[in-house]
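Residue numbers (this note's numbering): -10 to 40. This report refers to the structure that appears directly beneath it.
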């Protein structure tokens, strides 16, 4: 029973790590798009579709 709980706990931790990595990647993409906008290349929505 304890082993089952340990496995479940590890899977939950791995999922949380994956979600955090995905959110960070999305944040990085949006930051890159906004930086490009300030430079004057492209529009936010077009760039978002191209990422």
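All residues carry an ideal CB built from backbone N, CA and C; glycine is no exception. The structure presented is a predicted model; accordingly, all values stated were derived computationally and were not measured.
DSSP on residue 15, reduced to helix/strand/coil?
-> Three-state DSSP puts residue 15 in a helix.
In angstroms, rounded to a whole number, what distance separates the CA positions of residue 13 and residue -2?
-> Taken atom to atom, the span from the alpha-carbon of residue 13 to that of residue -2 is near 23 Å.
Helix, strand or coil: how does DSSP classify residue 9 here?
-> Helix.
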